[in-house]
């Protein structure tokens, strides 16, 4: 009697090529996966081909001083008063533009607070720039 030996089934986990393939697939999916990144403030920049002309009556200018105080027409106002004034001006000029002049010595958090207040008031046209050092 001839006894035939059957080959045993290879363990799929012991195969090196399957391990390599699974590693490559994991790397591939990590690379193409979308990550949720905090983007901060999303601001739409004006189009270069279509410059926007702003009427001076529609413009509200505020200065942000180094100590964080807000100046409107040489008058210091609190963030709450700023929101009130913006609301009053929006009633007269619904398409108003808010211009914020920021002193370079001003802490960043004060700039963010003013931008947040302007956004809460529903102002869509917003511009800011740094004041020149004297």
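Residue numbers (the working numbering): 327 to 460.
Where is the CB? At the ideal position from N, CA and C, for every residue including glycine.
Using 10 angstroms around the beta-carbon of residue 357, count the other beta-carbons present and answer buried if the total reaches 16, otherwise exposed. exposed
Do three or more CB pairs link the region 430-437 to the region 390-402 at distances below 8 angstroms? yes
Tell me residue 416's beta-bridge partners as DSSP assigns them. Per DSSP, none; premise fails for residue 416.
List, from N- to C-terminal side, the alpha helix (DSSP H) runs of 4 residues or more that fit wholly inside the region 381-455. 405-418 and 434-446
With a threshold of 16 other CB atoms inside 10 Å of the CB of residue 428, please say whether the residue is buried or exposed. buried
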